[in-house]
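Just so you know, the sequences run in chain order A and B.
Residue numbers are given in UniProt numbering: position 91 of the first sequence equals residue 91, and the series is strictly consecutive.
Residue numbers are given in UniProt numbering: position 167 of the second sequence equals residue 167, and the series is strictly consecutive.
Every residue, glycine too, gets a C-beta built ideally from N, C-alpha and C.
Since the model is a prediction, treat every value here as computed from it, not as a measurement.
Reviewing the structure listed below.
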Amino acid sequence: MASTTADATAQISIVVEFSGGLEMLFSDVRRHAVTLPAKDQDGNPSTIAYLIHHLCAHVMKDTRKELFVLDGHLRPGILVLINDADWELEGEEEYELKSSDNILFVSTLHGG
Amino acid sequence: MPPTTCVRCQTNKAVVKRPKNHHKLCRDCFIAVFEDEVHHTIVSSKLFYRGEKVAIGASGGKDSTVLASVLKTLNERHDYGLDLVLLSIDEGIKGYRDDSLETVKRNAVQYDMPLKIVGYDELYGWTMDQVVETIGKKGNCTYCGVFRRQALDRGAKTLEIKHVVTGHNADDVAETVLMNLLRGDLPRLSRSTSIVTGGSLNDVKRSKPLKYAYEKEIVLYAHHKKLDYFSTECIYSPEAFRGTARSLIKNLEKVRPSAILDIVRSGEDMARLTPDKGQGACACDEGEGMGGCGSADAKTSGNDLAQMEASLKEKPTANGLETEITSNATPKVIDSDDVVKLPIRQRRSKEPGPVQLQTLGKCVKCGYMSSQAMCQACTLLEGLNKNRPEISIEG
Ligand SMILES: [Zn+2]
Ligand SMILES: [Zn+2]
């Protein structure tokens with residue numbers, strides 16, 4: 001891997017969606033265009049785990065972070081679909097994000 | 001990671017990993033399998049008969065929306081010959097039901113089913129907003145739950161329907177099993193696992209066709225079929241104990257996905273150990289599976305009801321249990337081997353267990369199935385009506 005300074009600032013753009021009640025934690029907006037560094041601070045490709053922290057730190061205005069993240073991980077009961085596929089088929093938090101990925105977070109915890 | 005191929009059709013890309021058996025399925029196979037399993041539940045439990053009129057308790061939430069969609073599909077595919085109707089409850093919480101009732105109205109069009117909406121005001125003379133004005137926010141979910149349960153039955157009766165199906169799923173049942181286990185309430189635990197309640201003694205039968213369906217799969221089914229459903233948080237506070245049980249279930253699922261169905265099955269097995277073999281089933285102990293504050297957050301538990309009734313009637317029914325706990329909580333050392341005497345329940349031999357020998361009669365006031373002379377709703381209403389402000393005419 002030819003590491004250059006360009007890599008360090010490279011960004012990827014993805015679409016993040018929230019449904020099943022989670023949108024209420026994200027300014028009542030279902031669909032967010034999110035741009036984030038292609039690599040994390042250690043130079044590793046950005047993963048879903050990185051995205052979750054990024055969303056908490058930069059996108060989520062609601063103060064009830066524990067409704068999204070518990071003990072440093074996504075709250076159990078929230079499903080993730082990576083390009084419409086169950087994240088359990090894609091490596092869950094380890095999945096490495098690619099440009100124009102669609103990441104959907106769906107809550108199973110809300111009533112109707 | 002290379003894309004995983006569907007184990008069923010061996011052709012398409014898998015998009016679902018099933019919690020119960022880890023099968024990896026494509027969208028179409030997942031939908032087919034999900035529907036087949038609900039069909040199997042319906043057939044093996046003989047839930048319906050041909051020509052039956054069935055009301056679907058509909059809140060616009062994921063569970064009842066999936067139930068309506070699947071029942072419509074199966075009714076046509078397997079020619080059940082059912083007459084399906086959507087039945088919704090309006091608790092009278094300003095602004096709260098607007099969106100969900102709009103969703104149900106769209107569902108009625110999408111599924112080509114008639115829709116009946118019944119309000120608490122017409123059934124009880126009280127909207128939930130008026131209840132909260134009178135008693136405050138504390139405990140109002142208990143009222144809401146008691147009223148909603150009967151509202152479905154009463155609504156069904158006005159439509160001359162004797163069978164109401166609700167969207168309770170495997171996670172809901174597991175949660176209720178766990179809660180009753182943690183309370184040491186085996187009779188109630190056993191009733192909560194029944195797929196059908198009421199019916200023989202009550203004139204309205206209740207059943208839960210999604211009893212074996214994982215909440216995860218219900219949400220995925222709704223997603224992949226692009227169903228139109230509504231999600232909300234109950235605007236009133238959820239019951240802490242149920243919330244804790246719910247988190248526990250979700251945490252267990254994370255570590256061992258089969259745990260949810262295993263808990264449901266354990267509950268069914270335990271039901272066979274109770275004196276009435278879980279057959280003395282009435283619907284009075286479970287929540288609604290209907291969303292809103294009767295849903296995930298706040299299904300009303302029997303114990304809360306007992307407390308509520310006790311405080312309303314100022315009749316210390318719960319004291320017996322407390323005394324028992326207190327006496328058991330101080331185990332005595334009985335001999336030199338440091339053997340600690342285990343808390344052994346003696347209540348059953350001393351006095352008839354109230355739950356075991358409970359006979360279901362009819363409420364003297366409204367005729368609804370009840371183990372007490374007066375049903376829970378009428379008891380709560382009596383307390384409310386005593387406290388009704390004199391000048392609440394415009395309400
Ligand atoms: Zn397939
Ligand atoms: Zn009554």
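Asked                                                                                                                    : Found
heavy atom of ligand 1 below 7 Å from Cys375/B C-beta                                                                    : no
Cross-chain neighbours of Glu17/A in chain B, by beta carbon under 7 Å                                                   : None at all; the shortest Cβ gap to chain B is about 11 Å.
Residue range of the unbroken alpha helix (DSSP H) whose run includes Asn102/A                                           : Asn102/A -> not in any alpha helix (DSSP H); beta strand (DSSP E) instead, spanning Asn102 to Ser107.
Reduced DSSP category for Asp86/A - H, G, I as helix; E, B as strand; rest coil                                          : strand
Cβ of Leu79/A within 8 Å of any chain B Cβ                                                                               : yes
Residues bridged to Glu76/B (per DSSP)                                                                                   : In DSSP, Glu76/B forms no bridge with anything.
CA-to-CA distance, Cys375/B to Gln366/B, given in whole angstroms                                                        : Contrary to the premise, residue 366/B reads as Cys rather than Gln in this sequence. If I take the Cα positions, the gap works out to 8 Å.
Tyr143/B Cβ short of 7 Å to ligand 4 heavy atom set                                                                      : This structure does not include ligand 4; its bound ligands are ligand 1 and ligand 2.
Segment contact flag, the segment 173-187 of chain B with the segment 148-163 of chain B, C-beta cutoff 8 Å, min 3 pairs : no
Where Ser371/B sits in the DSSP three-state scheme                                                                       : coil
Minimum Cβ-Cβ distance from Glu122/B to chain A less than 8 Å                                                            : no
Helix, strand or coil at Ile89/B [DSSP, three-state]                                                                     : strand
For Glu52/B, the three-state DSSP class (helix, strand or coil)                                                          : coil
Heavy atoms of ligand 1 versus C-beta positions, residues under 5 Å                                                      : Cys6/B, Arg8/B, Cys9/B, Asn12/B, Cys26/B and Cys29/B
Any C-beta of chain B under 8 Å from that of Val29/A                                                                     : no
Asp171/B beta carbon less than 8 Å from that of Ile249/B                                                                 : yes
Identity of the residues DSSP links to Asp42/A by a beta bridge                                                          : BP columns for Asp42/A are empty, so no partner.
Between the CA atoms of Lys208/B and Arg388/B - distance to the nearest angstrom                                         : 36 Å
Straight-line gap, residue 409/B to Thr65/B (C-alpha atoms, nearest Å)                                                   : Chain B is shown from 1 up to 395; residue 409/B falls before or after that span and cannot be answered.
Check: Lys365/B C-beta below 7 Å from any heavy atom of ligand 2                                                         : yes
Same chain, Cβ closer than 7 Å to Ala14/B, five either side skipped, listed in chain order                               : Thr4, Thr5, Cys6, Lys24, Leu25 and Cys26
Ser371/B CB to nearest heavy atom of ligand 2 below 7 Å                                                                  : no
Whole-angstrom C-beta distance between Lys53/B and Ile161/B, which should lie under 8 Å                                  : 5 Å
Residue ranges of each beta strand (DSSP E) within the segment 135-182 of chain B, 3 or longer                           : 163-165
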